[in-house]
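Here is the structure we will look at.
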Amino acid sequence: MAHGLADRRFHSYEEAQKWFDSWIASKDMSFFRRGIHVLPERWEKVVSSDGQYFK
3 MAHGLADRRF
13 HSYEEAQKWF
23 DSWIASKDMS
33 FFRRGIHVLP
43 ERWEKVVSSD
53 GQYFK
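The sequence shown lines up with residues 3 to 57 when you count with the numbering used here.
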């Protein structure tokens, strides 16, 4: 999503909502399944960072 938003400027809430809805619709189920699957690992990274910033 970050790459799709690079240098993008929305002039209204509706325009932003339309872009977002289109972006969501362009993704297949495996995209969301994969994202949900990695949540526990990512959460462990957050917890173990003890509040420190990481990428």
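We put the CB at the ideal spot given by N, CA and C, even for glycine.
Beta carbon of residue i, beta carbon of residue j: below 8 Å?
i     : j     : result
Trp25 : Phe12 : no
Within the same chain, show all residues whose beta-carbon is closer than 8 Å to that of residue i, passing over the 5 residues directly before and after it, in chain order.
i     : result
Lys47 : Phe56
Arg10 : Trp21
What is the DSSP secondary structure of residue i, counted as helix, strand or coil?
i     : result
Ser60 : Not covered by the structure: residue 60. The range shown for the chain is 3 to 57.
Gly37 : helix
In chain order, what residues of the same chain lie with their CB nearer than 6 Å to the CB of residue i, ignoring the 5 residues before and after it?
i     : result
Gln54 : none
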